[in-house]
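Quick notes on the structure that follows.
Number of protein chains: 2
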Amino acid sequence: MTRLSELGESHVLERILSHYRSGSQVIIGPGDDAAVTAVDADLVSTADMLVENEDFTRTWLDWSRLGVKAAAQNLSDVCVMGAQPHGLLVSLAIPNSTDIEDLEALFAGIVAEAGRAGVELGCEVPIIGGDLSSSQLIVVAITALGAIGKDAAITRSGARPGDAIYLAGTIGRAAAGLDLLWAGAEHDTSRAAPDMSGTAPDMSGTDLELARLIDTQLAPQPDYAAAGRMRAASAMIDVSDGLSTDLGRVASASGVHARIDRADLQDLIDPVLPAARHLLGDDAAGAEELALGWVLNGGEDHGFVASSAPFDTPPVGWRRIGEMRAGHGVSLDGEPVPTSGFSHFGK
Amino acid sequence: MTRLSELGESHVLERILSHYRSGSQVIIGPGDDAAVTAVDADLVSTADMLVENEDFTRTWLDWSRLGVKAAAQNLSDVCVMGAQPHGLLVSLAIPNSTDIEDLEALFAGIVAEAGRAGVELGCEVPIIGGDLSSSQLIVVAITALGAIGKDAAITRSGARPGDAIYLAGTIGRAAAGLDLLWAGAEHDTSRAAPDMSGTAPDMSGTDLELARLIDTQLAPQPDYAAAGRMRAASAMIDVSDGLSTDLGRVASASGVHARIDRADLQDLIDPVLPAARHLLGDDAAGAEELALGWVLNGGEDHGFVASSAPFDTPPVGWRRIGEMRAGHGVSLDGEPVPTSGFSHFGK
Chain A
1 MTRLSELGES
11 HVLERILSHY
21 RSGSQVIIGP
31 GDDAAVTAVD
41 ADLVSTADML
51 VENEDFTRTW
61 LDWSRLGVKA
71 AAQNLSDVCV
81 MGAQPHGLLV
91 SLAIPNSTDI
101 EDLEALFAGI
111 VAEAGRAGVE
121 LGCEVPIIGG
131 DLSSSQLIVV
141 AITALGAIGK
151 DAAITRSGAR
161 PGDAIYLAGT
171 IGRAAAGLDL
181 LWAGAEHDTS
191 RAAPDMSGTA
201 PDMSGTDLEL
211 ARLIDTQLAP
221 QPDYAAAGRM
231 RAASAMIDVS
241 DGLSTDLGRV
251 ASASGVHARI
261 DRADLQDLID
271 PVLPAARHLL
281 GDDAAGAEEL
291 ALGWVLNGGE
301 DHGFVASSAP
311 FDTPPVGWRR
321 IGEMRAGHGV
331 SLDGEPVPTS
341 GFSHFGK
Chain B
1 MTRLSELGES
11 HVLERILSHY
21 RSGSQVIIGP
31 GDDAAVTAVD
41 ADLVSTADML
51 VENEDFTRTW
61 LDWSRLGVKA
71 AAQNLSDVCV
81 MGAQPHGLLV
91 SLAIPNSTDI
101 EDLEALFAGI
111 VAEAGRAGVE
121 LGCEVPIIGG
131 DLSSSQLIVV
141 AITALGAIGK
151 DAAITRSGAR
161 PGDAIYLAGT
171 IGRAAAGLDL
181 LWAGAEHDTS
191 RAAPDMSGTA
201 PDMSGTDLEL
211 ARLIDTQLAP
221 QPDYAAAGRM
231 RAASAMIDVS
241 DGLSTDLGRV
251 ASASGVHARI
261 DRADLQDLID
271 PVLPAARHLL
281 GDDAAGAEEL
291 ALGWVLNGGE
301 DHGFVASSAP
311 FDTPPVGWRR
321 IGEMRAGHGV
331 SLDGEPVPTS
341 GFSHFGK
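What follows is the structure, encoded as structure tokens:
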């Protein structure tokens, strides 16, 4: 293991650049004052950070998964606009004492997730620029760029009464994983993935389920392809702060009421129940409530929510979870749901 | 004064958004999952961070000037590609205990500098997105976007033997200001600027000169318009790490030798000599050497260096400082100059 302080900046950059993949849209890549790329469409742009001790702790830190998560939270925002990702700029503040192998793992995670999005959506997603600075705290600040045809952007404000509400991917799993991490659960999630031969990992059923929830917190895997299949949506949003909050944003921006059906959430509650039982023991009613809370209010799985005129059969990857009505706010089986969600700065 | 933790995220965002200016290129601005903007040209993108205790300290912190500097270092990189700025994405990690007025001053500084670049280059430069997170350390991570016509980008690699080397703006002043700050000099630079009536500030001549050097460190003012007048350049670079380093990058990328003439630097050395004398006292030879060191190796003024077939009269704002020859590396009056410059990670 070699620390960044022993290598010096130019060698660190050299090692990182070896992880870069180019793309046919790149005219001038990393290494000049700025990158130049060809975008034959309107430009989509978004920026999202991960900050040490706010979004993750050194105790749980898995460098490769941190890279996956940083890329995923940005790529999700591009894809739910209905756009194709175009490239990433990665700014990284990182301690001098970091091992270069860990930094490389971080970049490998970013590159792998960008590559996965590219495969799912049929495009190339290179890292086209960024910055690297030493710092006492780890901060990963990514800007994701995308391309979209004229007037094709899917915003939060187009939902209409009578639309059905659809969900792609999962919700609640990352929040369950976070509570498991706070409770000090084993987080060697590498054991949760099947090995190269496809052999199932050597863990008990429950351990495996819990490890997979933690893995969703550490390295969410948004269903980018599903966003690409929802071109008919009247509104779409990335569930980063929780279903209640993000659906509340759609309701508010569109001037509608979003009614969720509890029965439609059961498939999402069941997989996180073992974690709630693990944390609460014999309190069965409490466990059910905790699990429902994760599903309603937990972000970071980067599930996608969309509204659309009802489908007979929704696009692959999407399930119906409710409908838009006249009014405002969000309700569960008719009971109002608070839409406050996660807030930085303590309120 | 109200702390961010007392306001909560949504009110903080509301206050910040009040500083945003839109632009005619903005189709969907801040407030959705991502921004959508129209770029009728190739896209230029670059990202640069300022990190607390690495790029500035809490002691010197002037929030408005920090915003100016964060914007300037990014806009410079866009402009030296020969591009017009298109917009900024601002990701900000900031302590909970920060006063909202300070955060607003930071955004006002960013908006003011983006506005200045827009006026100089005849374009609009809105903030189109970003992220805000609480953090133990302040990190300002900006991505600047620009637009440029096909094949119009000015890279580092086009310099040819026989080209003259030109400089726009200043070099060495920010480095002198930094050494003054480290030495504990007075940094109430607000007194260095004329007041609204144009009355000269009430400071002695030397104090004023020193305060202005510190102001260049805290809030550099790149000559964006000059970059716009250098369309004929064979190569151009933003001097962010020092003339020796950045000219070394051009020489290396272009496969040429860059010869600087000491006599051409005297106009740049003279204004920083008072700072060197202030720091070194009676050591006149030492002061001259320190001043030359700042000019040769100091970054952060964001002066621009360009190479071009020699002009009879260079474009307004540009001065000749040397010439490109066959060979490699950088020399001063024929003596090789090390091109190592500033390095993160200690080497």
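Line order of the protein sequences matches chains A and B. Numbered per the UniProt record's numbering, the first sequence spans residues 1 to 347. Numbered per the UniProt record's numbering, the second sequence spans residues 1 to 347. Ideal placement from N, C-alpha and C gives every residue a C-beta, glycine not left out.
Separation of residue j from residue i, as counted between CA atoms
i: Leu210 of chain B; j: Gly109 of chain B; result: 22 angstroms
i: Asp77 of chain A; j: Leu265 of chain B; result: 49 angstroms
i: Asp312 of chain A; j: Arg320 of chain A; result: 11 angstroms
i: Thr206 of chain A; j: Val272 of chain A; result: 11 angstroms
i: Asp238 of chain A; j: Val80 of chain A; result: 6 angstroms
i: Gly129 of chain B; j: Ser24 of chain B; result: 15 angstroms
i: Leu50 of chain B; j: Ala70 of chain B; result: 6 angstroms
i: Asp301 of chain B; j: Asp246 of chain B; result: 13 angstroms
i: Glu289 of chain A; j: Gly184 of chain A; result: 21 angstroms
i: Pro220 of chain A; j: Val68 of chain A; result: 7 angstroms
i: Ala227 of chain B; j: Gly158 of chain A; result: 43 angstroms
i: Asp261 of chain A; j: Arg173 of chain A; result: 19 angstroms
i: Pro161 of chain B; j: Asp282 of chain B; result: 42 angstroms
i: Asp48 of chain B; j: Leu208 of chain A; result: 41 angstroms
i: Ala284 of chain A; j: Ala326 of chain A; result: 36 angstroms
i: Gln73 of chain B; j: Asp270 of chain A; result: 51 angstroms
i: Asp151 of chain A; j: Thr98 of chain A; result: 45 angstroms
i: Ile16 of chain A; j: Pro336 of chain A; result: 49 angstroms
i: Ala244 of chain A; j: Leu296 of chain A; result: Note that residue 244 of chain A is Ser in the sequence shown here, rather than Ala. Their Cα atoms are separated by approximately 6 angstroms.
i: residue 372 of chain B; j: Ala232 of chain B; result: Since the first residue of chain B shown is 1 and the last is 347, residue 372 of chain B is not available in this structure.
i: Arg212 of chain A; j: Arg116 of chain A; result: 19 angstroms
Bridge partners - residue i, DSSP secondary structure assignment
i: Thr143 of chain A; result: A:Ala47, A:Leu89
i: Ser133 of chain A; result: A:Ala93
i: Asp333 of chain B; result: Answer is none; Asp333 of chain B lacks a bridge partner.
i: Thr37 of chain B; result: A:Leu43, B:Val26
i: Glu52 of chain B; result: B:Phe56
i: Ile127 of chain A; result: A:Leu88
i: Met236 of chain A; result: A:Ala306
i: Ala164 of chain B; result: B:Ser308, B:Glu323
i: Trp318 of chain A; result: A:Ala168
i: His257 of chain A; result: A:Arg325
Same chain, Cβ closer than 7 angstroms to residue i, neighbours up to 5 away in sequence not counted
i: Ser22 of chain B; result: Gly29, Pro126
i: Ala112 of chain B; result: Val68
Same chain only: Cβ atoms within 6 angstroms of residue i, ignoring 5 sequence neighbours per side
i: Gly286 of chain A; result: Leu280
i: Ser134 of chain B; result: Asn96
i: Asp195 of chain B; result: With a pLDDT of only 45 at Asp195 of chain B, under 50, the local geometry of the prediction cannot be trusted, and no value is derived from it.
i: Asn102 of chain A; result: Here the sequence assigns Asp to residue 102 of chain A, which means Asn is not the residue at that position. Only Trp63 meet the Cβ criterion.
i: Gly198 of chain B; result: In this predicted model, Gly198 of chain B has a pLDDT of only 48, less than 50, meaning its place in the structure is not dependable enough to derive any value.
i: Ala225 of chain B; result: Glu120
i: Thr59 of chain B; result: none
i: Asp223 of chain A; result: Ala168, Gly169, Gly317
Exposure label - residue i; buried when at least 16 CB within 10 Å
i: Pro314 of chain B; result: buried
i: Arg156 of chain A; result: buried
i: Arg249 of chain B; result: buried
i: Ser18 of chain B; result: exposed
i: Leu7 of chain A; result: buried
i: Ala263 of chain A; result: exposed
i: Pro310 of chain A; result: exposed
i: Met1 of chain A; result: exposed
i: Gly122 of chain B; result: exposed
Own chain residues within Cβ distance below 8 angstroms of residue i, not counting five before or after
i: Met230 of chain B; result: Gly82, Ile154, Tyr166, Ala168, Met236, Phe304, Ala306, Ser308, Pro315, Trp318
i: Gly149 of chain B; result: Ala41, Asp42
i: Val39 of chain B; result: Gln25, His86, Leu145, Ala147
Pair within 9 angstroms by beta-carbon distance, residue i and residue j
i: Ser331 of chain A; j: Ala258 of chain A; result: yes
i: Ser252 of chain A; j: Gly299 of chain A; result: no
i: Ala175 of chain B; j: Trp294 of chain B; result: yes
i: Ile94 of chain A; j: Leu4 of chain A; result: yes
i: Leu145 of chain B; j: Ser45 of chain A; result: yes
i: Leu132 of chain B; j: Glu14 of chain B; result: no
i: Ile171 of chain A; j: Leu268 of chain A; result: yes
i: Thr242 of chain B; j: His328 of chain B; result: It is worth fixing the name first, because residue 242 of chain B is Gly in this sequence and not Thr. Result no, Cβ atoms of Gly242 of chain B and His328 of chain B do not sit closer than 9 angstroms.
i: Ala164 of chain B; j: Gly334 of chain B; result: no
i: Phe56 of chain A; j: Leu218 of chain A; result: yes
i: Thr143 of chain A; j: Thr143 of chain B; result: yes
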